[in-house]
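Offset between the sequence shown (1-based) and my numbering: plus 12.
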Amino acid sequence: MGKIILICLLLLPQATIARRAREFSYPSAYGIPKEKLFPQLYSIVLTRYSENEEKGMPTIIGWSGRTGAGQTTTALEFKRYLYELGVQSVTVLSCDDFLIPEKERVELKSVEFPSPGKEVRVNELRLRIRGIDENTIALKLPSSDWIELKLDKIGERKKVIDKESGNFLDLEIERQRDNTLVIHIPTFISKLDPLFYKTIMDLKRGKTVLIPQFDQVSRERLHLNGEELENYEKNGSTVEIDGKIYFLLEQKGLVADAKTGEIYKMIEPKGVIIVEGVWAMLRPEVNELYDVKVFVNASEEIRARRFGARHILEGRYQGQILFDIVKRGRIDWWKEQGEFEERQLKIADYILDNDAPISEIEMLTKYGTEEERIYKAIAVYKEDIKESRKSEKIEPWELLEYAWYVLTDESALSEVIKYIAEGVKKGGFTEIGLRRMLSSKEGIFGKLDDLQRSLLEDLLIEAGLLKRTEVKISSSWLKSEDLEMLNEALPKELIPYHLLLMDRRYSVLENWGFKEFTKGDLSSVEEINKVSNLFITALYNLYAYQTLNRYLKIPSNPNILSLGCGDFLKEIFMGFYFEPSILYGIDLDENKVEEARDNINKWRMTEKVETNIVVGDMRNLNNISILSGKKFDLIFMRIPVGIEMEDLEEAIKSAEGFLNSDGYLILYIKYPQLKLTIPQKLIAIAEEENLFSFNTYPLSGPISPEEKDKFIILSKAEVSLLREKLTKH
């Protein structure tokens, strides 16, 4: 009998399964993993896309789910999936941008009972109330029809629902003796501007809409400040939308209200629009407009971890202890909104099972490297205990748990930190025991690379479980007096402590040709200072390549090409780390090429790898003879200062032709250029398209560890995506 029931359930449509899910407390078996669901959704999109296009309407997908289940992430992944299959106009619209700032939210409101024929407007709720007779009113939100409600008993509290049509509002109305109405709004509903639903309706009608921009850290909508508004009033271009004047902002698609300065994103009614967020499928009149409805689900444990990570990495709920926030979320917030989530699950066409933990690439792209996230966790923990407990006393296990929340299960560090945190809770480890773990190559500790071991050691020091010791560089070939002078000359303020710890394990002085470069002798102060700077530069490069190597599938002895290589120093260090088969460089500046050749000789690179550097234009690589017939696993492209968009597009297109099918193009932006227009556009596209990118220490040498360069890493498929986006920008 059980087998028959199972077969019947498998044959049911997803919407029916969703309805049954409530009875079964929603086991994840009823969901479909994205690897199987995305092709099904693509088939639906293809069918509806052409139908809607003929009618001049966009194809709109409702994409809701439970808090922390990953609606935003999976919506962006589906957007990328569609793009790679040729659907190029895909926009993701987030409910969160329609959040009402906390100080403006209303959960209880009193208004006068309107007399027959009169109307009361409750602006905070965007609600209209019209008097029908002495006991009856009609209510309307921007997206809803009028719903009549009879209130003939004083003190009676009624839900706003039309029993005949089934239409309803998520409100309850109470009539009081003084002929006033008290409006009760559920906390979950009070957070969202009802204009959100009207916006979806406008899009389906073929109307361009404006989306407010909500900042999750400040919990406010974005505005131009007074000075910015004044500058736009003097020099800005304007556009009229629905009779109001807006300034066109520098970032494509953004405008600002000419009077208030409030910033909006313009979305045109075309292509595919994915409407994502926990409120997306609450209104029946809007649900009818979706071409397909998806509900994203994940286990409570997965959601709680994402919830905690947002507190640390996005600055949500500042000044509160992480564990209190997660506990309150589970007990209070999630319970309160559970009714509204279940309602959406019931009407979903498909349930996406997103129970897989958040990926390391996603965390890296969105929140930074493991290093950045761990030090952020340390800083936030110290702020939290100071604010909430008025104390600076660190509980070691708590600090370790904070660090665990910002890592992922893909990271070897995550398992190790969890293991140590649980051990500390039970009674702790001795310092000798922890030191043994740090040097162990067995079990979970054997999975750590040198950088991760160094980060872990520094974390344990911050937690008070290990003592901080002075780290000095060592060398087997340097004279003791030269080594002592070198250690004294090192500007330690330019070297983060964990990088020194990493070098203690790796030793760039031993492995990266310093002996050949110096000829084994540091005879002058000038020579000592030069090697000191080169040592720091080498450490910065080691960090960058160690991070790249952890995330990319780079083959042994890869072919590497550097475009805009300059003095070739970073490429030399690249050669020592990756041990490539060939290492080529191109630069337009003849003087730089001469300097690069000089460096190649000084570091004796040609003895280790096939090395060549020539004068050439990265826009026309086909004209460079040494590249003929070559394909590369890694192509580094330094974005030149002042490059024009057309030139950048040509350079990227030219590089694409020399990339192996599973190779990577790495766009390298130096810190001083990050605020220039073209790099800003590249970074904006990377964020919008969820491209793999991260910050790294300045590869050209010690400036300040805070002034970081940026890598944007593209697979061959993503190179085409970037070129198309650059063309649009």
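Note that beta-carbon positions come from the ideal geometry of N, C-alpha and C, so glycine has one too.
So, at 8 Å on beta carbons, what are the nonlocal neighbours of residue i in its own chain, with the 5 sequence-adjacent residues on each side left out?
i           : result
residue 431 : 456
residue 672 : 571, 643, 644, 645 and 728
residue 541 : 501
Checking the sheet assignment: what are the DSSP bridge partners for residue i?
i           : result
residue 109 : DSSP lists no partner for residue 109.
residue 488 : Per DSSP, none; premise fails for residue 488.
residue 677 : 647 and 726
residue 353 : In DSSP, residue 353 forms no bridge with anything.
residue 277 : 223 and 266
residue 251 : 258
residue 75  : 288 and 306
residue 317 : Answer is none; residue 317 lacks a bridge partner.
residue 721 : 708
residue 186 : 169 and 194
residue 362 : 306
residue 180 : 173
Answer yes or no: the CB of residue i versus the heavy atoms of the ligand SAH, is any distance below 7 Å?
i           : result
residue 255 : This structure does not include the ligand SAH; it has no bound ligands of any sort.
Helix or strand or just coil, what does DSSP make of residue i?
i           : result
residue 199 : helix
residue 57  : helix
residue 287 : strand
residue 559 : helix
residue 82  : coil
residue 709 : coil
residue 237 : coil
residue 606 : helix
residue 171 : strand
residue 104 : strand
residue 214 : helix
residue 623 : strand
residue 300 : coil
residue 703 : coil
residue 597 : strand
residue 373 : helix
residue 232 : strand
residue 204 : strand
residue 477 : coil
residue 468 : helix
residue 37  : In this predicted model, residue 37 has a pLDDT of only 41, less than 50, meaning its place in the structure is not dependable enough to derive any value.
Leaving aside the five residues before and after residue i along the sequence, list all residues of the same chain whose C-beta is less than 7 Å from its C-beta, in chain order.
i           : result
residue 576 : 599, 630, 649, 650 and 652
residue 251 : 258, 260 and 267
residue 219 : 281
residue 224 : 109, 110, 233, 274 and 276
residue 733 : 95 and 701
residue 227 : 234
residue 189 : 166
residue 386 : 415, 418, 467 and 471
Can you name, in chain order, every residue of its own chain whose Cβ lies under 6 Å from the Cβ of residue i, other than the five neighbours on each side?
i           : result
residue 682 : 721
residue 436 : 408 and 409
residue 731 : 668 and 677
residue 463 : 514 and 558
residue 574 : 583, 597 and 648
residue 80  : 315, 318 and 319
residue 441 : 435
residue 18  : Its pLDDT being 33, under 50, residue 18 is placed unreliably in this model, and the coordinates cannot settle the point.
residue 473 : 480
With three or more C-beta pairs closer than 8 Å as the rule, is the region 659 to 666 touching the region 728 to 739? With the rule of 3 Cβ pairs closer than 8 Å, the region 728 to 739 counts as touching the region 659 to 666.
Between the region 110 to 128 and the region 388 to 403, do three or more beta carbon pairs fall short of 8 Å? no
Count the CB pairs spanning the region 171 to 178 and the region 95 to 115 that are closer than 8 Å, and state whether there are at least three. no
Whether or not the region 205 to 220 and the region 295 to 304 are in contact is what I'm after, with contact meaning three or more pairs of Cβ atoms, one per stretch, closer than 8 Å; do they touch? When C-beta atoms of the region 295 to 304 are compared with those of the region 205 to 220, three or more pairs fall below 8 Å, so the two segments count as touching.
Is it a yes or a no for the region 257 to 265 touching the region 360 to 372, going by three-plus beta-carbon pairs under 8 Å? no
Can you list the alpha helix (DSSP H) stretches of 4 or more residues lying completely in the region 433 to 461, in chain order? DSSP runs (the alpha helix (DSSP H)) wholly in the region 433 to 461: 443 to 451.
Taking contact to mean at least 3 C-beta pairs separated by less than 8 Å, is the region 588 to 605 in contact with the region 486 to 497? no
What beta strand (DSSP E) runs, 3 residues minimum, are completely inside the region 112 to 161? Within the region 112 to 161, the complete beta strand (DSSP E) runs of at least 3 residues are 120 to 124, 131 to 134, 139 to 145 and 148 to 152.
Whether or not the region 312 to 329 and the region 128 to 135 are in contact is what I'm after, with contact meaning three or more pairs of Cβ atoms, one per stretch, closer than 8 Å; do they touch? Two segments are said to touch when three or more pairs of C-beta atoms, one from each, lie closer than 8 Å; by this definition the region 128 to 135 does not touch the region 312 to 329.
For the pair the region 460 to 470 and the region 508 to 519, tell me if three or more CB-CB distances fall below 8 Å. Between the region 460 to 470 and the region 508 to 519 there are three or more inter-stretch CB-CB distances shorter than 8 Å, so the stretches are counted as touching.
With a cut-off of 8 Å, do at least 3 Cβ pairs link the region 345 to 355 to the region 189 to 202? In the pairwise beta carbon analysis, the region 345 to 355 is classified as touching the region 189 to 202: at least three pairs are separated by under 8 Å.
Is it a yes or a no for the region 286 to 294 touching the region 62 to 77, going by three-plus beta-carbon pairs under 8 Å? yes
Report yes or no: do three or more beta-carbon pairs, one from the region 79 to 93 and one from the region 303 to 314, lie closer than 8 Å? yes
At what residue ranges does the region 489 to 514 contain a whole run of the beta strand (DSSP E), taking only runs of 3 or more? none
Please go through the region 528 to 582 and give each complete alpha helix (DSSP H) segment of 4 or more residues, from N-terminal end onward. Runs of the alpha helix (DSSP H) lying entirely within the region 528 to 582, each at least 4 residues long, are 537 to 563 in chain order.
If we count Cβ pairs, one from each stretch, closer than 8 Å, do we get three or more for the region 521 to 531 versus the region 613 to 621? The region 521 to 531 vs the region 613 to 621: in contact.
Using 8 Å as the threshold, is the region 375 to 393 in touch with the region 699 to 718, meaning 3 or more CB pairs across them? yes
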